[in-house]
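Participant: Be aware that the sequence shown starts at 311, since it is given in the working numbering, and climbs by one per residue.
Idealized CB from N, CA, C, for every residue including glycine.
All values derive from a computational prediction rather than experimental measurement.
Right, I'll just put the structure down here and ask away after.
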Amino acid sequence: ANRFPTLDVSVDASRRGFEDNTGASVITETFSASVDARWEVDLWGKLNREQQAAQLAMEAQRARLQSVERNLAAATTGAFFNVMEAKQLLEVAQRRLDNAIQSHDIVASGYRQGLNDALDLYLARNQVDRQQANLAQQEQVVIEAIADLQLSLARYPDGHMEILQTLPVIEDPIPAGLPSELLTRRTDVQEAWLNLLAADATLAATHKARFPSLSLVGSGGAASVEFGDLLDGNSAVWSLVGGLSQPLFNAGRLEALEEQAAARVQQAEQQYLDLVFRAFADVENTIARTTTLKERYESFLDAETNSGAALTLALEQYQRGLVTYTTVLESQRQAFDAEATVVQLRNQLLQNRINLYLALGGEFSTDY
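If you want it as structure tokens, here you go:
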């Protein structure tokens, strides 16, 4: 805006009184109207650099807005997966309770027949009570997870929403040799880079503010003792002035402003470099975490199968009197813990893929 002329309109009225030589009071009234225009010639490109700085600062704010939008979308997606995980864990808790009730019925039947002792019956009852408490706790986890999702969707968090989907399984692997240029898509990196460019443009403008400036000032108007005569054209006046000014003494203000601008450039540069290195670290850590989670997930899939078979065998052997009831309890714990861990790891893999999406600034592609 500084590169365009400024235009001001003013209307003034004055009233003065004095005594003439005869002692009589004389009152005069004067009315004036003027239009003033001022335009600074951009001799050294100072105004251009100021305009560039403002434009870059606006683009940086736009990048920040995009970053907020992307983070919000990622958080909402993650909240969806958390709800799916909570509901699947609720199903696991329900199956755990059903299994505990089934085991209790077997123990109670054997106790009535004199085949089992009271200790096994108390252990079975305790297991049912514990799993009922765990089921109630998991129901609360589901309500809170849904409420968090509703907040992300700008809905009232009543904790009730119908979500029938289950956690998907990630099939596509992360390709090797991702180009580092992918990081330039990150909106926070773009924002930091634009802030650096804006600070550099501001530094150039503050440096050039110490040079002489050329301004053209034009004005036109009218003056009259009667307000109604201002527009009759008989009292018009105008002027056109060109001036060259050079700052001589301002107590070091311009030099201090330039030093401050230079310090802001150094600060913006350091912030940009720190963010770039942090972006590389985010990608490396996320990829490494993907490998670890994948290995754990595959191991617990095997553990889920093995522990399920062990639980079935333990129940059969207990009914034949080959093992104690503590073996059944341990088999139940391992089987359902493995099942719950598989669900949790599946969600962690999905959350980690979301983090990789944010770290790369979008989908990974080898055809960048």
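If we count Cβ pairs, one from each stretch, closer than 8 Å, do we get three or more for the stretch 564-577 versus the stretch 485-497?
Facilitator: no
Participant: Identify whether Ile-416 lies in helix, strand or coil by the three-state DSSP scheme.
Facilitator: helix
Participant: Three or more beta-carbon pairs under 8 Å between the stretch 425-445 and the stretch 458-474, yes or no?
Facilitator: In short, these stretches do not touch, since the Cβ pair count stays below three.
Participant: Between Ala-650, Asp-498, Asp-408, which lies nearest to Leu-589 when the distance is taken from Cα to Cα?
Facilitator: Here the sequence assigns Ala to residue 589, which means Leu is not the residue at that position. For the residues Ala-650, Asp-498, Asp-408, the minimum Cα distance to Ala-589 belongs to Asp-498.
Participant: For Asn-392, I'd like the list of residues in its chain whose CB is within less than 6 Å of its CB, leaving aside the five on either flank, ordered along the chain.
Facilitator: Ala-455
Participant: Quick one: any contact between the stretch 498-507 and the stretch 366-379, if contact means 3 or more CB pairs under 8 Å?
Facilitator: yes
Participant: Short of 8 Å in beta carbon distance, which residues of its chain neighbour Leu-513, apart from the five on each side in sequence? Order them along the chain.
Facilitator: Glu-568, Ala-571, Ala-572, Arg-574, Val-575
Participant: Between Tyr-466, Glu-605, Thr-338, Ala-511, which has its C-alpha nearest Gln-361's C-alpha?
Facilitator: Ala-511
Participant: Measuring only the C-alpha atoms, how far is Glu-579 from Glu-472?
Facilitator: 48 Å
Participant: Are Gln-448 and Ala-403 closer than 8 Å when you measure CB to CB?
Facilitator: yes
Participant: Using the Cα positions of Leu-540 and Arg-326, report the straight-line distance between them to the nearest angstrom.
Facilitator: Confidence at Leu-540 is low in this model, with a pLDDT of 49, below 50, so the placement of that residue is unreliable and no value is reported for it.
Participant: Have a look at Ser-335, Glu-594, Thr-340 and flag the residue whose alpha-carbon is nearest the alpha-carbon of Ser-324.
Facilitator: Thr-340
Participant: DSSP three-state call for Asp-427: helix, strand or coil?
Facilitator: coil
Participant: Please say whether Val-451 and Ala-396 have beta carbons closer to each other than 8 Å?
Facilitator: yes
Participant: Return the CA-CA distance between Leu-433 and Val-638, expressed in angstroms with no decimal places.
Facilitator: 11 Å
Participant: Along the chain, which unbroken stretches of the alpha helix (DSSP H) at least 4 residues long are found entirely within the stretch 489-521?
Facilitator: 497-518
Participant: Assuming Leu-621 contacts Ser-641 under a Cβ cut-off of 8 Å, what Cβ separation, rounded to an integer in Å, is found between them?
Facilitator: 4 Å
Participant: Can you give me the Cβ contacts of Leu-429 inside the same chain, cut-off strictly under 8 Å, excluding the 5 residues immediately before and after it?
Facilitator: Tyr-635
Participant: Quick one: give me the first and last residue of the alpha helix (DSSP H) that Leu-474 is part of.
Facilitator: Where Leu-474 is concerned, there is no enclosing alpha helix (DSSP H), given that its DSSP letter is neither H nor E.
Participant: Beta-carbon within less than 6 Å of Ser-617's beta-carbon, same chain only, minus the 5 sequence neighbours each way: which residues are those?
Facilitator: Result list for Ser-617: Gln-644, Ala-645, Ala-648, in chain order.
Participant: Compute the Euclidean distance between the alpha carbons of Phe-674 and Leu-431, then round it to the nearest angstrom.
Facilitator: Roughly 56 Å separates the two Cα atoms.
Participant: So, at 6 Å on beta carbons, what are the nonlocal neighbours of Gln-581 in its own chain, with the 5 sequence-adjacent residues on each side left out?
Facilitator: Ala-502
Participant: Just the C-alpha distance for Phe-559 and Glu-565, rounded to the nearest angstrom, thanks.
Facilitator: In this predicted model, Phe-559 has a pLDDT of only 49, less than 50, meaning its place in the structure is not dependable; the value taken from the coordinates is given anyway. One C-alpha to the other measures close to 11 Å.
Participant: Jot down the residue ranges of each uninterrupted alpha helix (DSSP H) in the stretch 591-658, minimum 4 residues, whole runs only, in chain order.
Facilitator: none
Participant: Whole angstroms is fine: what's the gap from Leu-269's alpha carbon to Ala-650's?
Facilitator: Outside the shown range of the chain (311 to 678) lies residue 269, about which nothing can therefore be said.
Participant: What separation, rounded to the nearest whole angstrom, lies between the Cα atoms of Ala-363 and Arg-465?
Facilitator: 39 Å
Participant: Taking Tyr-667 as the reference, which of Arg-374, Gly-388, Thr-332, Gln-365 has the closest Cα?
Facilitator: When each option's Cα is compared against that of Tyr-667, the closest is Gly-388.
Participant: So for Ala-464, helix, strand or coil by DSSP?
Facilitator: Looking at Ala-464 - three-state DSSP - the assignment turns out to be coil, as it is neither helix nor strand.
Participant: In three-state terms, what does DSSP make of Phe-587?
Facilitator: helix
Participant: In whole angstroms, what separates the C-alpha of Ile-416 from that of Gln-629?
Facilitator: Approximately 8 Å between the Cα atoms of the pair.
Participant: Measure the alpha-carbon distance for Gln-412 versus Ser-377 and round it to whole angstroms.
Facilitator: Gln-412 and Ser-377 have their C-alpha atoms some 52 Å from each other.
Participant: Take Gly-420 as the anchor and find which of Leu-625, Ala-613, Ile-664, Leu-477 has the nearest alpha-carbon.
Facilitator: Leu-625
Participant: Are the beta-carbon atoms of Ile-484 and Gly-469 separated by less than 8 Å?
Facilitator: no
Participant: Ala-669 and Asp-592 look like a contact to me (Cβ under 8 Å); what is the Cβ gap, rounded to whole Å?
Facilitator: 4 Å
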